DNA sequence: AGAATAGTTAAGCAATCACTTGACTAATAC
DNA sequence: GTATTAGTCAAGTGATTGCTTAACTATTCT
């Protein structure tokens, strides 16, 4: 496996799991304890803690422990980074498509594009 | 593993791998054949085909075969869906943070928020 | 027709993943 | 001061992932 961009990698990997996305969705509504995060999930508490570790490693979530309760909250920077990556790819391709559309509208025959070099 | 949202799941899973993200980045610059996608990647062609299958299953990429060459291109809808999910979570939490900031600016003591239930 | 090119299919393998249970610590409630 | 609550740590397990090589088909070039 390549790994030229570790942070992006950790973020997308963290979001690739539906349980972790459920935790992020919960945290988007406000801070929560580990037990709060675990309550709706059909799995043991240690499993939730493991998911939390993945989320923290990715930078998407941070937590502080006060007394015996650990409070977790979202860290918007990681979400924004992934969002930006997606928007860059999408808009680059959409602009390409638009230019191709304009070109085809002005020409009669099929267009053959080459620029791999 | 939960799976309440299969399409989102497939998209984030597809993007969780750096080789597949490299392929998406390549496709954002324009359509490409399987060999084009494989060229910069340090792995065998069958491995690239397997990555391509994951990308196609997620809906991020589509391909058509003409003669002996399969041409792949990005499908912006999948990227946009992931982008929207990220923005929803991020903005929800940022608005929450803003409101908390306003509240704290107006109050003297610490604010204790509760709305779970 | 024969050789090269582009991609496909299948089988196999080591590493990682998403869990589990059990044993444990630390803070709070009674 | 004992019980309960909140979380942690470690070891184990079955499924999935990301790759490999080998054998194959279909198309294009000469």
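Protein chains in written order, with my numbering: chain V, 8 to 124; chain G, 8 to 124.
Note that the Cβ used here is the ideal one computed from N, Cα and C, for glycine as well.
Note that the structure is predicted; figures quoted are calculated from it, not measured.
DSSP three-state assignment for residue i, whether helix, strand or coil
i                     : result
residue 33 (chain V)  : helix
residue 75 (chain G)  : coil
residue 46 (chain V)  : coil
residue 62 (chain G)  : helix
residue 81 (chain G)  : strand
residue 26 (chain V)  : helix
residue 117 (chain G) : Residue confidence is low: residue 117 (chain G) scores 47 on pLDDT, short of 50, so the model does not pin down where it sits. No coordinate-derived value is stated.
residue 18 (chain G)  : helix
residue 105 (chain G) : helix
Neighbour-count burial assignment, residue i, 16 or more Cβ in a 10 Å radius
i                    : result
residue 23 (chain V) : buried
residue 60 (chain V) : exposed
residue 50 (chain G) : exposed
residue 97 (chain G) : buried
residue 47 (chain G) : exposed
residue 45 (chain V) : buried
residue 89 (chain G) : buried
residue 53 (chain V) : exposed
Between the CA atoms of residue j and residue i - distance to the nearest angstrom
i                     : j                     : result
residue 43 (chain V)  : residue 33 (chain G)  : 41 Å
residue 64 (chain G)  : residue 77 (chain V)  : 38 Å
residue 37 (chain V)  : residue 13 (chain G)  : 25 Å
residue 66 (chain V)  : residue 104 (chain V) : 34 Å
residue 19 (chain G)  : residue 86 (chain V)  : 13 Å
residue 108 (chain G) : residue 95 (chain G)  : 20 Å
residue 106 (chain G) : residue 99 (chain G)  : 11 Å
residue 25 (chain G)  : residue 101 (chain G) : 28 Å
residue 17 (chain G)  : residue 17 (chain V)  : 17 Å
Cut-off 8 Å between Cβ atoms - residues of its own chain near residue i, not counting five sequence neighbours on either side
i                    : result
residue 68 (chain V) : 30, 31, 34, 59, 62, 79, 80, 81, 82
residue 40 (chain V) : 76, 77, 78, 79
residue 92 (chain V) : 15
residue 56 (chain V) : 41
residue 71 (chain V) : 77, 78
residue 84 (chain G) : 66
Within chain G, the residues that residue i reaches when beta carbons sit closer than 8 Å
i                    : result
residue 62 (chain V) : The contacting residues do not exist; residue 62 (chain V) stays about 12 Å from chain G at best.
residue 73 (chain V) : Result: empty, since nearest Cβ-Cβ is about 12 Å, beyond 8 Å.
residue 23 (chain V) : 16, 19, 20, 22, 23
residue 12 (chain V) : 25, 28
Neighbour list for residue i in chain V, Cβ cutoff strictly below 8 Å
i                    : result
residue 31 (chain G) : 96
Neighbourhood of residue i by C-beta distance below 7 Å, restricted to the same chain and skipping five residues each side
i                    : result
residue 27 (chain V) : 21, 58, 61, 62
Chain V residues whose Cβ lies nearer than 7 Å to that of residue i
i                    : result
residue 83 (chain G) : 97, 100, 101
residue 52 (chain G) : None at all; the shortest Cβ gap to chain V is about 16 Å.
residue 87 (chain G) : 97
Neighbouring residues, chain V, relative to residue i (Cβ below 9 Å)
i                    : result
residue 45 (chain G) : Simply none; closest approach about 13 Å.
Chain G residues whose Cβ lies nearer than 7 Å to that of residue i
i                    : result
residue 66 (chain V) : Correct list: empty, because the minimum Cβ distance to chain G is about 13 Å.
6 Å CB neighbourhood of residue i in its chain, flanking five on each side removed
i                    : result
residue 73 (chain V) : none
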